[in-house]
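Using the numbering used here, the first residue of the sequence shown is number 118, and each one after it goes up by one.
Glycine included, C-beta positions come from ideal geometry on N, C-alpha and C.
The block underneath contains the structure these notes are about, expressed in structure tokens.
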Amino acid sequence: MAPYPTQTRYVKRACATLGLAFTDLDGAGYLYAISDGRHEIVSGSGPICAYPLNSASAYGVSRDKHHTNAVLTRAGLTTIPEEIFFLDERRAKLREGGHERADAFAAFARASGPVFCKPNQGSHGDFAEIVSDEAAFRDYLDRVARRYDTILLQPVLDGAEYRIFCLDGETVFGTRKAEFAITGDGKSTLSELVCAHNAPLIDIGISPVDEAAALAALALHHNLAADHVPPRGKKLILPGRRNLTAGSDVAEFTTQVPAVLATLALGAAKAVGLRVAGVDIFDVSPGRDLSDLVIIEVNGNPGIQSLEAVGRDDLIDRIWQAVLRRVFAEHQP
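This is the structure we're talking about:
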């Protein structure tokens, strides 16, 4: 039997502590029921929002990055400028003009340089890439179109990236995400290291790092050729996604979230209507002193695997016990 998804493992553990009945409904842990003997809730992992405190409408908004940004902008919160484009023409007559594939090329040309692209409804850093030239952009659209129907184009920002976990109007913890890097083993070339990094991503269904783009970036930023063999332990920073599931790491962890980050994160969660949220924030200030913050995304089904990475299983248990206690308390007459 395959191991349960991470959130399901956490939920099942919390159920055992709280004396709640946990029933696996699909044999894989992606759909389950939880009962206190009087009330039952059905939830799950994967495409299902694991947090039953979140409403379907709020979670639905959070799944659409473009809609989320519209909500945040209306609330007066700073987001990354973006343009949305559709990769499938089948419903073009049902929407306003200016957002089709041809328009995407025009927008790319106007940018006059690299852009950051990601699927509008993607997750885990899937196809979140910096694209530098028109040929690479055309290839990117072709690759993404096999799995997603809309993309966002954004400027490339340089900053420290934070994830703030919010629960019912309070921040529980925050992390600063490590910059993406490949690490030398003393025997593999850069090309081989990129391929080795990609292998586990492909296995779990996340888009691999574009090898040609990565090697070009290594040549540009580090003046290293594809056949260079970096020494063991040597880290080479590359611009791009910093998601834990996409191979990044936690650089800093705290349960004492700085007030300026907490205020922005809680405001974003409230604007979208989420009781549980993971809010990603860029600090783009030159001194990285939290004086210039911009919201990247608001996740309505945030993973908390980062707590495992920093050895805080106790906090995982506290979060899920609090969530389940509140759910069943609100079910009482």
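Within 7 Å, strictly: CB atoms of residue i and residue j
| i | j | result |
| --- | --- | --- |
| residue 417 | residue 186 | no |
| residue 395 | residue 282 | yes |
| residue 276 | residue 400 | yes |
| residue 217 | residue 203 | yes |
| residue 173 | residue 124 | no |
| residue 427 | residue 389 | no |
| residue 507 | residue 158 | Nothing about residue 507 can be read from this structure; the chain reaches only from 118 to 450. |
| residue 465 | residue 121 | Given a span of 118 to 450 for the chain in the structure shown, any question on residue 465 remains unanswerable. |
| residue 292 | residue 346 | no |
| residue 267 | residue 201 | yes |
| residue 298 | residue 354 | yes |
| residue 412 | residue 196 | yes |
| residue 304 | residue 237 | no |
| residue 448 | residue 323 | no |
| residue 279 | residue 398 | yes |
Inter-residue Cα distance where the pair is residue i and residue j
| i | j | result |
| --- | --- | --- |
| residue 328 | residue 308 | 7 Å |
| residue 430 | residue 404 | 33 Å |
| residue 452 | residue 443 | Only positions 118 to 450 of the chain appear in this structure, which leaves residue 452 out of reach. |
| residue 232 | residue 148 | 38 Å |
| residue 440 | residue 155 | 18 Å |
| residue 143 | residue 133 | 19 Å |
| residue 259 | residue 135 | 49 Å |
| residue 379 | residue 343 | 42 Å |
| residue 192 | residue 381 | 11 Å |
| residue 255 | residue 222 | 8 Å |
| residue 335 | residue 310 | 12 Å |
| residue 262 | residue 244 | 11 Å |
| residue 313 | residue 351 | 16 Å |
| residue 249 | residue 332 | 13 Å |
| residue 215 | residue 265 | 19 Å |
| residue 219 | residue 188 | 27 Å |
| residue 162 | residue 438 | 17 Å |
| residue 175 | residue 391 | 6 Å |
| residue 224 | residue 194 | 24 Å |
| residue 205 | residue 211 | 12 Å |
| residue 208 | residue 253 | 26 Å |
| residue 228 | residue 274 | 13 Å |
| residue 375 | residue 288 | 10 Å |
| residue 302 | residue 235 | 31 Å |
| residue 419 | residue 257 | 26 Å |
| residue 330 | residue 349 | 23 Å |
| residue 177 | residue 239 | 13 Å |
Contacts around residue i, its chain only, beta-carbon distance under 7 Å, and the 5 residues preceding and following it disregarded
| i | result |
| --- | --- |
| residue 402 | 408 and 409 |
| residue 130 | 434 |
| residue 369 | 292 and 293 |
| residue 140 | 149 and 150 |
| residue 341 | 307 and 335 |
| residue 169 | 158, 160 and 444 |
Residues near residue i by beta carbon distance below 6 Å, same chain, minus five either side
| i | result |
| --- | --- |
| residue 230 | none |
| residue 199 | 269 and 271 |
| residue 415 | 179, 185, 385, 389, 394 and 396 |
| residue 153 | 137 and 445 |
| residue 372 | 290 |
| residue 377 | 407 |
| residue 424 | 432 and 433 |
| residue 284 | 393 |
| residue 387 | none |
Residues near residue i by beta carbon distance below 8 Å, same chain, minus five either side
| i | result |
| --- | --- |
| residue 226 | 251 |
| residue 339 | 353 |
Contact test: residue i Cβ vs the ligand GTP heavy atom, cutoff 6 Å
| i | result |
| --- | --- |
| residue 435 | Absent from the structure shown: the ligand GTP. Ligands present: none. |
Practice prompt. Pick out the complete alpha helix (DSSP H) segments inside the segment 146–202, 4 residues or longer, and give them in chain order.
Written response: Fully enclosed alpha helix (DSSP H) runs of 4 or longer: 173–180 and 182–191.
Worksheet item: Taking the runs of the beta strand (DSSP E) that are 3 residues or longer, which of them lie wholly in the segment 277–356?
Response: For the segment 277–356, whole beta strand (DSSP E) runs of length 3 or above, ordered along the chain, are 277–284, 287–294, 298–300 and 352–354.
Item to complete: Please list the segments of the beta strand (DSSP E) lying wholly inside the segment 375–450, counting only runs of 3 or more residues, in order along the chain.
Response: DSSP assignment within the segment 375–450 yields the following whole beta strand (DSSP E) runs of 3 residues or more, N-terminal first: 393–400 and 410–416.
Worksheet item: Which full runs of the alpha helix (DSSP H) of 4+ residues lie inside the segment 207–261, going along the chain?
Response: Those alpha helix (DSSP H) runs which fall completely within the segment 207–261 and span 4+ residues are 218–228.
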